[in-house]
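Report on one structure; see the data block that follows.
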Amino acid sequence: MNRVMKYTGVALSVIVLVAFLAVVGISAHIGDQLTSPVRETLTFTPKALDIKYENVTIQAEDGSDLYGWWIPHPTPRATIVFAHGYGKNREQSDLPLKELIPEFHKQGYQFLTFDFRASGISEGDRVTVGAKEQSDLQAAIAFANERTDGPIVLYGVSMGAATALSTADETEVAAVIADSPFSDLRGYLETNLPVWSDLPNIPFTPVILTITPWFTGLDADLVKPIDDVEHIDAPILLIHGRGDNAIPVSESERLAERNDQIDLWVTENDGHVASHKTFQAEYREQLFDFLERVL
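Everything in the sequence shown is counted per my numbering, starting at 101 for the first residue and increasing by one.
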């Protein structure tokens, strides 16, 4: 009997160890995949829109080269610096930005859009969902300030929206437009990581969040727009779809509670970053009315 119990105990220990190692191994693999998503390729240039532009290189704080488009205007009212979402590039195909660039140009705005690190054709091997992207955006703002002495407006989508909000806390900007941001990366991922990992929240999410920073540089605690918006003096426009299945509208609602300079426009549509596609005319009216009012 003692021998049977001993072997049973050993077998159970081995099973537990194997299960633990499997969870860790799968979690590490998912962490690796999520921080190195497949890069989207560019499908157009502003030349196709019959708009003058320049291919530019922006040097990030760590020396990485970030590539983008500078779209000047002869008499600019302001400069829009665009920050794209996770897994996207400078053209933000799900918006899509190529439909908005001509409208911004027509309204008198010059435009800078670029690929974050590890996205598009920029250098870098890890997407950090806003942690290091904040310094990328700061470099883009500095680049824009070298080209113009007029006001700078940050316009971000999803990851880029959260990055814009966190960056505006430390950089002088005239306004921020944030479409579908999250409010707190760690809090968001603790609840919503299965949307991206396709794995059960328990046991995988805590393990992924614990081990991924070890080899990727993704520190979720560095991306907390809900704390940063309290210190932003510039006007902010938040846009969010009520039926967003990737980043819930409650994320923007939480942000709006923290700063009385925030205007929140909630659209009645499903899908992530789907407000412009669903309500194109209203979306553009919201953008340009906001800019007209605050600049």
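The beta carbon of each residue, even a glycine, is placed where N, CA and C say it ideally should be. All of these numbers come straight from a predicted model, not from anything done at the bench.
*Quick one: residues in its chain with C-beta nearer than 8 Å to the C-beta of Asn359, no 5 flanking neighbours on either side, listed in chain order?*
Val329, Glu330, Ile332 and Ile336
*What is the DSSP secondary structure of Gln159, reduced to helix, strand or coil?*
strand
*How many angstroms separate the CA atom of Glu203 from the CA atom of Pro172?*
13 Å
*asked:* On the DSSP bridge list, what partners appear for Trp365?
replied: Ile339
*Are there 16 or more other CB atoms within 10 angstroms of the CB of Pro174, so buried, or fewer, so exposed?*
exposed
*Please report how far the alpha carbon of Gly163 lies from the alpha carbon of Leu391, in whole angstroms.*
33 Å
*Determine the direct distance from the alpha carbon of Phe216 to that of Asn189, and round the result to whole angstroms.*
Distance between the alpha carbons of Asn189 and Phe216: 7 Å.
*Euclidean distance between Cα positions of Thr145 and Gln192*: Put simply, the backbone Cα of Thr145 is about 12 Å away from that of Gln192.
_Just verifying my parser: in three-state terms, what is the DSSP assignment at Val227?_
coil
*Candidates Leu237, Arg384, Ile326 and Tyr383: which alpha carbon is nearest Ser357's?*
Inspection of the sequence shows that residue 357 is occupied by Glu rather than by Ser. Taking only the C-alpha atoms, the option nearest Glu357 is Ile326.
*Nearest-angstrom Cβ-Cβ length linking Thr228 and Gly317, presumed shorter than 8 Å*: 6 Å
_Closest to Thr213 by C-alpha separation, out of Leu254, Val366, Gly224 and His372, would be which residue?_
Ranked by how close their Cα comes to the Cα of Thr213, the residues Leu254, Val366, Gly224 and His372 have Leu254 in first place.
*The alpha helix (DSSP H) with Ala275 in it runs from where to where?*
Careful: Ala275 lies outside any alpha helix (DSSP H), inside the beta strand (DSSP E) at Ala275 to Asp279.
*Would you call the CB atoms of Leu237 and Ala183 closer than 8 Å?*
yes
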